[in-house]
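Only one structure is covered here, and it is reproduced in the block below.
Shown next, in the form of structure tokens:
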């Protein structure tokens, strides 16, 4: 079985898009998940691999070759899955345990690799993803600030608000009241 790591797969729509790409190329994946495509074949011809890279790139995805890049891609996918697709993050969510257990690597080495390649710490990346999720929930008026702090595992509304202001320079209430805020959101794959 061949496992391909794909960067910028961040939502269910991305899974569908990547799945369609592989079907159009007459490659039947055994599974397509956020950041990963598994094929029954053990190997792909270099020309086919080049074609996959090209078509994925045209759709805003990137096939990762380097083992370090693959590992970072898997870390990002894991963080995005937890923050954007979980019903609730527990206050005691231990990111180091989650990441090291899921990827079967020592958290210290994963964190060091992430920082050296991405230029920010893994903790900062997680915080930025959480703030983007807060922005999304505020913009669409889906939950109150009290519900958001609970959903994302903050200890209090004050903690969420302080972190939000530190990252965005704005309070959650002010952000929510601004309708022009939509242009301030960042795509989660570019964080």
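Residue numbers (UniProt numbering): 1 to 191. Ideal Cβ placement from N, Cα and C applies to all residues, glycine included.
Quick one: Cα of residue 103 to Cα of residue 24, how far?
31 Å
Leaving out five residues on either side along the sequence, give the residues of the same chain with a beta carbon under 8 Å from the beta carbon of residue 150.
Closer than 8 Å at Cβ, skipping near neighbours: 88.
Three or more beta-carbon pairs under 8 Å between the stretch 106-113 and the stretch 46-60, yes or no?
no
Assuming residue 55 is part of the alpha helix (DSSP H), what are its boundary residues?
46-58
Which residue from 137, 29 and 34 puts its Cα closest to that of residue 41?
29
In this structure, how does DSSP classify residue 15 when only helix, strand and coil are distinguished?
helix
Cα-Cα, which of 60, 14, 72 and 26 is closest to residue 116?
72
Can you list, in chain order, the residues of its chain with a C-beta nearer than 7 Å to that of residue 3? Leave out the 5 residues immediately preceding and following it.
36 and 38
Run through the DSSP bridge pairs and tell me what residue 5 is partnered with.
36 and 64
Using 8 Å as the threshold, is the C-beta distance between residue 194 and residue 77 below it?
Nothing about residue 194 can be reported from this structure: the residues present for the chain run from 1 to 191 only.
Would you kindly report the start and end of the unbroken alpha helix (DSSP H) that includes residue 159?
157-168
Within the same chain, show all residues whose beta-carbon is closer than 8 Å to that of residue 8, passing over the 5 residues directly before and after it, in chain order.
14, 60, 61, 62 and 189
With DSSP as the reference, label residue 77 as helix, strand or coil.
helix
Nearest by alpha-carbon distance to residue 69: which of 96, 114 and 26 is it?
114
Beta-carbon separation of residue 167 and residue 129 under 8 Å?
no
Does DSSP put residue 86 in a helix, a strand or coil?
coil
Do residue 6 and residue 91 have their CB atoms nearer than 8 Å?
The answer is no: Cβ separation not under 8 Å.
Could you tell me which of 11, 16, 31 and 12 sits nearest to residue 1, measuring between CA atoms?
31
Roughly how many angstroms lie between the CA atoms of residue 163 and residue 97, to the nearest whole one?
23 Å
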